[in-house]
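So that you can map any letter, position 357 of the sequence shown is 379 in this note's numbering, and since no number is skipped, the others follow by simple counting. We put the CB at the ideal spot given by N, CA and C, even for glycine.
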Amino acid sequence: MGAVFVWIIVIGLILAGQLILGRHKGVSIYGPLAVYNTKRGVKLLDKISGISHRFWKVFGNLGVITGFFLMALVTYSLLINAIRIFRIPEAAPGAALAIPGITIPLWEGIIGIVILLVFHEMSHGVLARLEKVKVESVGTLSLGFIPIGAFVRPNEKSIRKAKLSSRMRIYAAGSFMNVTLAIILVSLLAFVVLPYMTEPVDGIRLLAVEEGSPAELAGLSEGMIIQEIEDGKIHDLVSFVNTLDKQDLFPGDEVILKTDDSDYKVRTAERKGRAFMGITFCGAIPAGEIVKLFIASPMTIRILSPECYPSTFLPQRTMWFIIYAIMWTAILNFGVGLINLLPFRPLDGGLMFSDAVRRIIKNEKLARQVIIVVGSLVFLLLIFNFIGPKLLGILA
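Structure below.
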């Protein structure tokens, strides 16, 4: 019922926005989309680029270097995942579209997409003005009254006339800003926000003990703090997982868990072919580990939950809405920033790759063939990562 009510509000905002915004000069309506164009934003881009020419030049150069490195890394990752999908379709993770309200939370998703597009397009615009490339207009996109992004419209002739290095900096700026913003947001969560919400517990806390499980039969109960596993010290969630992995437990093995109350001998049972104790737990994750986990696999940051971070200076629901909004903004910025660097047009990575190939291969016909072949193969690779698991599952 709650989801239906939310969608009624969303549809109402879209319809009302279309009726009201459509009357304003400078707003064009394309189906559910309202597009607002203005030249006022160009002055803002000039001001931002003028704050420090040196900073933005370095930013652009770092973006180009990082962009080509990530282009190769993401393409390689897609290839490796495609091979996994071929080998074990049901086990390999496939890619998924980020659709607010369907595949990701509605409002947190909308906030994340808006921030993603604003920072992405702003970066392109700032670097364009820095490189003396003419910008026709700056605009916003919305679904009625719901903002979904922004755009910068550069002059195509002006871009083509710009130096290769200038074009590269402009193309790379958007994705580099997205990836940088994602890491900053996760670092903010890990080093500033979450430490103030973490219980001062040396160990991991049991949130629940399954009825009839080996843990319950051994005497463990909710609220206990596990401090040692077979003399291995437990300080946080990472040390707990690492210590447990070292035990290499099999169904039927015994393990001694030391808590703040006493020592308990647990004989593991079997569940899905693995050793099972029947405990649900949580503990602090070191800030550096959170950032490492995010960079290695952005979606793993979703392991952060209110149960493990109960202390807050705001109402729990409000605080976690903010945290989830930051979390999804980081995930979307990181993911889209990386995908946008893939070497096929019209993605920014495709524009960078095309210019780089033409710089290396002077024969235009050969250069075009390389661009088309590589771009097509990587595009098909990306599509296979989305549909491969289901497609092979149907054909199996």
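Three-state secondary structure (DSSP) of residue i
i	result
D285	strand
A352	helix
P411	helix
G300	coil
R367	coil
P127	coil
E311	helix
L242	coil
V57	strand
I278	strand
K156	coil
G305	coil
L229	strand
E386	helix
V174	strand
I251	strand
E292	strand
G161	strand
K185	coil
S327	coil
P236	helix
L211	helix
V64	helix
Residue i vs residue j beta-carbon contact at 8 Å
i	j	result
F303	R227	yes
I181	R175	no
A204	G359	yes
E130	Y346	yes
V64	V157	yes
S209	G300	no
Closest residue to residue i among the options (Cα-Cα distance)
i	options	result
E276	R289, K268 and D267	R289
G371	K61, G397, M349 and G34	G397
F77	K156, I107 and R191	R191
M374	A194, E252 and L211	A194
I133	F272, F343, G241 and I110	F343
N407	I107, Y98 and K79	I107
V223	G161, E386 and H257	H257
G196	N177, L138 and V231	L138
Y286	I348, S243 and A318	S243
R146	A237, F81 and R62	It is His, not Arg, that sits at residue 146 in the sequence shown. Nearest of A237, F81 and R62 to H146, Cα basis: F81.
I135	T351, L369 and P411	T351
S159	L101, D377, F316 and R62	R62
L207	Y98, I323 and G161	I323
L414	R390, S99 and I110	I110
Cβ of residue i within 8 Å of any chain C Cβ
i	result
F272	The chain labelled as chain C is not found in the depicted structure, where only one protein chain is given.
Cβ distance (whole Å) where residue i is taken to contact residue j below 8 Å
i	j	result
L259	V96	Not a contact, Cβ separation roughly 29 Å.
V379	V392	5 Å
A104	L403	6 Å
Residue i: CB within 7 Å of a non-hydrogen atom of the ligand PLP
i	result
V395	As presented, the structure is devoid of all ligands, the ligand PLP included, so that no description of it is given.
(message) I'd like to know if the region 270-286 and the region 235-250 are in contact, where contact means that at least 3 CB-CB pairs between them fall below 8 Å.
(response) yes
(request) Decide if the region 295-312 is in contact with the region 87-103; the criterion is three or more beta carbon pairs, one per stretch, under 8 Å apart. (result) no
(request) State whether the region 134-143 contacts the region 349-357, with contact taken as three or more CB pairs (one from each stretch) at a distance under 8 Å. (result) yes
(message) Contact between the region 149-161 and the region 71-79 is defined here as three or more beta-carbon pairs at a separation below 8 Å; is this criterion met?
(response) yes
(message) Three or more C-beta pairs under 8 Å: does that hold for the region 205-220 against the region 320-337?
(response) yes
(message) Three or more C-beta pairs under 8 Å: does that hold for the region 307-326 against the region 198-214?
(response) yes
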